[in-house]
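Colleague: Residue numbers (the working numbering): 717 to 1463. The beta carbon of each residue, even a glycine, is placed where N, CA and C say it ideally should be. Mind looking over this structure? Questions follow.
Spelled out as structure tokens, the structure:
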């Protein structure tokens, strides 16, 4: 191994003489001689040569000598420290005076570059230390490192060492140029430095890698610790949530149990309350039923009292004939009726009557019956007395008449004047033979139909009774539901009746009904349906006149599809209202008064005839229904055929009525109702003939009605006269109220 740089003999020393070595103790002189030598080598031919001992590995080191100088971020700080340390070394060695220094120092421009490139003067101690690897540690201890992170510190040291060794490499290059011997030694020393630098670099790289690995491992450990803490927190949170969930579930179960217990208690209370309510409702229902029954009893008693009281008023005509005074009976009867009416009014305001109220009204009824009985006995005694007197007067009149006839027989008869007026001929009181024959045929048809199912009607079999009741409900319930609300509802009712009559099963009151369940089921349904139609006329139409049209529409549709139902309808109508034929039944010898009253159309119950107003109201409803039937037609039926009972029958009815003697009140009422309902249709059908008929009514028939009408019975006649006058004046009869319009079928 070559000797250190300070112990070799430099050529520049021989050239300068022995004085240089003599002054070796002076560092400053040696430094000046070294710079002179370097300047001389730089000017020589060898100084301009480039040496490449290692073509590949030394390129990085020698590149700094060829390429322009690149200062690191610590260059200024390193140079300041190096300049400060050089000044301190010069002061310690006792440098020469200013004149000698200026004589040996290089120019300012040349000396500045080595000062920047060289870390310290090449003294013996420094030169010796430069070949020692420990110089890195010395320099590392001298240069302070800024307080940065560990990785930044390592990187800064590496950059500083690279810069130092690059500067030392360039310094060695200068020494290499001095002579060839020095050059070889410099290259060898450079190789050593390079090898140490490489080793140091590898060591630093290993340290950096170790630090990176350590940092990576520490980061992994940190991540693992963080993940562990996160998992522990999640686990703790799960445990807390599970614990809370278990507690919540326990509380829910407890609440559910309490809820079930309370629900059970509430259900028991509700069941008890419901039972209590049902018992109260049942008691209230029974109380209401009993109250309603007592109220109906009061109404029936009041009705009977009023009927009995009416029997007193007509007997006032016997007051002049029989010479009796019935005012006491009348006054007492009115008092009894007033007491009962006040009692019923009071009980209606209070609610339902009590048993005491019923007993009081029954006592009043008993008193009224006794009053009527006493009056009848008194009247009977007066009648017997009058009858005896009448017989005596009759005998006297017969004797006087006989004497008068004998006297007239002896005198000549007077001559009738030639220009005398003849009295008008009287009208018939009986219907024509054709009408009566038609009437009798319809009654025979109804009797035959009733006889066909008589066995079923009187059967004791429970199953037959059940089917019969279901069939009757299937007929009566739909007919009772007919109203003027909507055409769609009317069509449903018609379809239900049509399905029943055609033999299809229908639903009625939750049961499936079929007419073929009994052999005579169809006849029974025909008869009951016709009877129900007539009953609707005398009940529903009598109270609500507009209802005649929807009922008539259904009757017309059923009549067109099933003609036998129409015949039975006419038979029931003629029997209930003989004026719809028209027909005035005559009294037959041997018949009771009740039978005759029923023949006239009156309702008789318990030998009591209904009131005149109620009778006229029922007859009016039936005539209105008949007038609606003859002009209306079911719109969804067979429109090609003729109406089964059209307006021609209405024209015949009017003609028959005008050919018969009028009845008091009845004739005027029925003519007005008939013309009000179908007068518009007859006007459109018969035109001038219809107006002629109305003119005959006004000029000829109304005077006949006036001749038999008393003062208190002219209300219906006045209404009829006013209707005829307005119609003849306006030459028009408007459509009746409630007539179905096209919009009715869209509802």
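What's the C-alpha gap between residue 1439 and residue 1392?
Modeller: 8 Å
Colleague: Just to check my reading of the structure: residue 1224 and residue 1186 have Cβ atoms closer than 8 Å, yes? What is that Cβ distance to the nearest angstrom?
Modeller: 6 Å
Colleague: Mind checking whether residue 1075 and residue 1021 have CB atoms under 9 Å apart?
Modeller: At least 9 Å separates the beta-carbon of residue 1075 from that of residue 1021.
Colleague: Can you say whether residue 1450 is buried or exposed, counting buried as having 16 or more other CB atoms within 10 angstroms of its CB?
Modeller: exposed
Colleague: Extract the residue ranges of the beta strand (DSSP E) inside the region 1207-1235, only unbroken runs of 3 or more that lie entirely within it.
Modeller: As for any beta strand (DSSP E) of minimum length 3 sitting wholly inside the region 1207-1235, the runs are 1222-1224, 1227-1229, ordered along the chain.
Colleague: Go through the region 972-1050 residue by residue and report every complete run of the alpha helix (DSSP H) that reaches 4 residues or more, in order.
Modeller: 1034-1037
Colleague: Can you name the residues that DSSP bridges to residue 1241?
Modeller: Per DSSP, none; premise fails for residue 1241.
Colleague: Within the same chain, show all residues whose beta-carbon is closer than 7 Å to that of residue 1425, passing over the 5 residues directly before and after it, in chain order.
Modeller: 1380, 1433
Colleague: Which two residues bound the contiguous alpha helix (DSSP H) that contains residue 1389?
Modeller: 1382-1402
Colleague: Let me know the secondary structure DSSP gives residue 772 once reduced to three states.
Modeller: Note that residue 772 has pLDDT 47, beneath the 50 cutoff, so the model's placement of it is unreliable and no number is given.
Colleague: Please report the straight-line C-alpha distance between residue 1260 and residue 994, rounded to a whole angstrom.
Modeller: In this structure, the straight-line span from the alpha carbon of residue 1260 to that of residue 994 is close to 38 Å.
Colleague: So does the region 1332-1344 actually touch the region 1392-1410, counting three or more Cβ pairs closer than 8 Å?
Modeller: yes
Colleague: Which same chain residues end up closer than 7 Å to residue 874 when comparing Cβ atoms and leaving out the 5 residues on each side of it in sequence?
Modeller: 920
Colleague: For residue 1165, count neighbouring C-beta atoms within 10 Å of its own C-beta (all shown protein chains included) and say buried if the count is 16 or more, exposed if not.
Modeller: buried
Colleague: Whose C-alpha, out of 1246, 877, 1375, 1445, is nearest the C-alpha of residue 1146?
Modeller: 1375
Colleague: Taking 9 Å as the threshold (C-beta atoms), are residue 1352 and residue 1462 in contact?
Modeller: no
Colleague: By the three-class DSSP mapping on this structure, what secondary structure does residue 1320 have?
Modeller: strand
Colleague: Would the C-beta of residue 1342 count as close to the ligand GTP, meaning under 8 Å from any of its heavy atoms?
Modeller: The model depicted lacks the ligand GTP and carries no ligand whatsoever.
Colleague: Give the range of the alpha helix (DSSP H) segment to which residue 1173 is assigned.
Modeller: 1170-1173
Colleague: From what residue to what residue does the alpha helix (DSSP H) around residue 1192 run?
Modeller: Unbroken alpha helix (DSSP H) run through residue 1192: 1178-1196.
Colleague: Does the contact criterion of 3 or more C-beta pairs under 8 Å hold for the region 1197-1217 versus the region 1256-1271?
Modeller: yes
Colleague: For residue 1332, I'd like the list of residues in its chain whose CB is within less than 8 Å of its CB, leaving aside the five on either flank, ordered along the chain.
Modeller: 1381, 1382, 1385, 1432
Colleague: Alpha carbons only, please: which of 1279, 1175, 1413 is nearest the one belonging to residue 1370?
Modeller: 1413
Colleague: In angstroms, rounded to a whole number, what distance separates the CA positions of residue 1047 and residue 1168?
Modeller: 54 Å
Colleague: Please classify residue 1089: does DSSP put it in a helix, a strand, or coil?
Modeller: In the structure shown, residue 1089 falls within a helical segment according to DSSP collapsed to helix, strand and coil.
Colleague: Taking the straight line between their C-alpha atoms, what separation do you get for residue 971 and residue 962?
Modeller: Cα to Cα, the separation comes out at about 14 Å.
Colleague: Out of 1217, 1194, 1179, 981, which one is the CA nearest neighbour of residue 1478?
Modeller: The chain is shown from 717 up to 1463; residue 1478 falls before or after that span and cannot be answered.
Colleague: How should residue 1108 be labelled, buried or exposed, when 16 other C-beta atoms within 10 angstroms of its C-beta is the threshold for buried?
Modeller: exposed
Colleague: Report, in whole angstroms, the separation of the C-beta atoms of residue 1183 and residue 1238, which I expect to be a contact under 8 Å.
Modeller: The pair is not a contact, with the Cβ atoms about 13 Å apart (cut-off 8 Å).
Colleague: Got a sec? Which residues, its chain only, sit under 7 Å from residue 853 by beta carbon, not counting five neighbours each side?
Modeller: Below a pLDDT of 50, predicted positions are generally treated as unreliable, and residue 853, at 38, falls in that range; the measurement from the model is reported next regardless. Taken in chain order, the list of residues that qualify is empty.
Colleague: Assign residue 1366 to one of three DSSP states: helix, strand, or coil.
Modeller: Correct three-state label for residue 1366: helix.
Colleague: Any idea if residue 1458 is buried or exposed, counting beta-carbon neighbours within 10 angstroms, 16 or more meaning buried?
Modeller: exposed
Colleague: With distances taken between CB atoms, is the gap from residue 1266 to residue 1199 smaller than 9 Å?
Modeller: Their beta carbons are under 9 Å apart, which means residue 1266 touches residue 1199 by this criterion.
Colleague: Do you know how far the Cα of residue 1291 is from the Cα of residue 1160?
Modeller: 12 Å
Colleague: In the DSSP output, what is residue 1325 paired with across the bridge?
Modeller: 1320
Colleague: With DSSP as the reference, please indicate the residues paired to residue 1144 in a beta bridge.
Modeller: 1376
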